[in-house]
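Structure, as structure tokens:
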Amino acid sequence: MSYATKLLTTSEADIEYAAGLIADGEVVGMPTETVYGLAADAENISAVEKIFQAKGRPQDNPLIVHIAEAGDIGRYARDVPEIAYKLAEKFCPGPLTMVLPKRDRIPDITSAGLDTVGIRIPYHNAARKLIRLSGKAIAAPSANLSGSPSPTTAAHVINDMNGRIPAVIDGGNCPVGVESTVISFENEAIRILRPGFISWEELSEFGEVVKDKHITESAGEGEAVRSPGMKYKHYSPKARVTIVCGSEQQFVDFVNNLNDENVYAMPFEISEKMRVPCIPYGKTAEEQAARLFAVLREFDEKSAERVYAMCPSQSGVGLAVYNRLLRAAGFEIINL
Ligand code: AMP
Ligand code: MG
Numbered sequence: 002m003s004y005a006t007k008l009l010t011t012s013e014a015d016i017e018y019a020a021g022l023i024a025d026g027e028v029v030g031m032p033t034e035t036v037y038g039l040a041a042d043a044e045n046i047s048a049v050e051k052i053f054q055a056k057g058r059p060q061d062n063p064l065i066v067h068i069a070e071a072g073d074i075g076r077y078a079r080d081v082p083e084i085a086y087k088l089a090e091k092f093c094p095g096p097l098t099m100v101l102p103k104r105d106r107i108p109d110i111t112s113a114g115l116d117t118v119g120i121r122i123p124y125h126n127a128a129r130k131l132i133r134l135s136g137k138a139i140a141a142p143s144a145n146l147s148g149s150p151s152p153t154t155a156a157h158v159i160n161d162m163n164g165r166i167p168a169v170i171d172g173g174n175c176p177v178g179v180e181s182t183v184i185s186f187e188n189e190a191i192r193i194l195r196p197g198f199i200s201w202e203e204l205s206e207f208g209e210v211v212k213d214k215h216i217t218e219s220a221g222e223g224e225a226v227r228s229p230g231m232k233y234k235h236y237s238p239k240a241r242v243t244i245v246c247g248s249e250q251q252f253v254d255f256v257n258n259l260n261d262e263n264v265y266a267m268p269f270e271i272s273e274k275m276r277v278p279c280i281p282y283g284k285t286a287e288e289q290a291a292r293l294f295a296v297l298r299e300f301d302e303k304s305a306e307r308v309y310a311m312c313p314s315q316s317g318v319g320l321a322v323y324n325r326l327l328r329a330a331g332f333e334i335i336n337l
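When the letters of the sequence shown are read in order and numbered with this note's numbering, they come out as residues 2 to 337.
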């Protein structure tokens, strides 16, 4: 089915219109504090099928379910450990997804056949209003075509989804810029399945926190992973991306000595000494997170073929930036 995709505002009337579409089993582009999502009623099988179709997402990759209040967690999940409520008190609403045993009302298509469900309470006003006005729990993966960089503006969503969905709510730039931190619970320990804005350091104040090895290592062919999303190629622009690790001076020397055609550098900031075109992605980890996906999309607009990105730090939200960049680069790294 082809739609004339409408661009909506965050006005009460427009969000009400979008909520009506969700209640009718349609899919809407929704701004959140992390990235834009493709929102549909999490309990409506045919609506959730439309999400998978619009994105071209593999059927075995589960969707996160977005709700308005921590008090609603028990409606969708069971056997919720005490620590999950403690974390919800501190970080929700916010960019944290907790994987919990699911209740039967969450259909298999939403959880991709798993007996768990990822639950998140977004902070973004428009997302919260959309959930409340639709009266539904909202399943929402990132609103990009599967494999391409996640969208952090409504224009990115239109670029990927024009004609594929009836409407997008334009909520401006997503302030966080990378997807939520996904965690699961093992006895009393917390396991990070995907790093995000809520960092290992912050979670560690609540007990032992394990970083899953597939955050920074690629999963081998047929290797078991704890989160299906770990298996897939992600966030890739058309250009081949390589991460370059070393000092700023070493990075500048390295790119200045390249002979490749149509090459771009992705440094933290612009250096006058750099002789190749560049798009900087930010000095702090927070800036890098907020700009990363938009910068990767800009390389496509410039038809870049080769991109060399300066390696980010791995502390705080830097771990999330590194995790996304590693996948965009297909785990290709050069150590200087
Ligand atoms: P996206 O919606 O595109 O941001 O991706 C959601 C991520 O959360 C994917 O990597 C999923 O594999 C992961 N995820 C969602 N639900 C679960 C679950 N029940 N168990 C493990 N990982 C999950
Ligand atoms: Mg995604």
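Quick reminder that beta carbons are idealized off the backbone N, C-alpha and C, glycines included.
Taking 3 residues as the minimum length, the beta strand (DSSP E) runs contained wholly in the stretch 134-172 are 168-170, in order along the chain. Taking the Cβ of E180 as the reference point, at least one heavy atom of the ligand MG falls within a distance shorter than 7 Å. By the criterion of a C-beta distance shorter than 6 Å, Q315 is surrounded in its chain by Y323, once the five residues flanking it on both sides are discounted. Between the alpha carbons of N257 and G331 lies a gap of roughly 23 Å. Per DSSP, D254 is not a residue of any beta strand (DSSP E); the alpha helix (DSSP H) it occupies stretches across E249 to N257. Short note on S151: C-beta closer than 7 Å to some heavy atom of the ligand MG.
Distances from the alpha-carbon of G148 to those of G197, F92 and Y236 put Y236 closest. Cβ-Cβ distances below 6 Å link V296 to I280 and Y282 in the same chain, with the five nearest sequence neighbours on each side left out; the list follows chain order. In the structure shown, K239 adopts coil according to DSSP, grouped into three states.
Of all C-beta pairs linking the stretch 161-171 to the stretch 82-94, fewer than three are shorter than 8 Å, placing the two stretches out of contact.
Annotation: L204 is outside any beta strand (DSSP E); the continuous alpha helix (DSSP H) that includes it extends over W201 to L204. The shortest C-alpha to C-alpha distance from F252 to any of I335, I16 and S112 is the one to I335.
Residue range L97 to P102 is occupied by the beta strand (DSSP E) that includes T98. Excluding its 5 nearest sequence neighbours in each direction, P196 has C-beta neighbours in its own chain below 7 Å: T182, I216, L320, A321 and N324, listed in chain order. The DSSP-derived three-state label of T111 is helix. In chain order, N145 and L146 place their CB closer than 6 Å to the CB of D161, counting only its own chain and leaving out the 5 sequence neighbours on each side.
DSSP places Y309 inside the beta strand (DSSP E), whose first and last residues are R307 to M311. Relative to the ligand AMP, the nearest heavy atom lies less than 7 Å away from the CB of T117.
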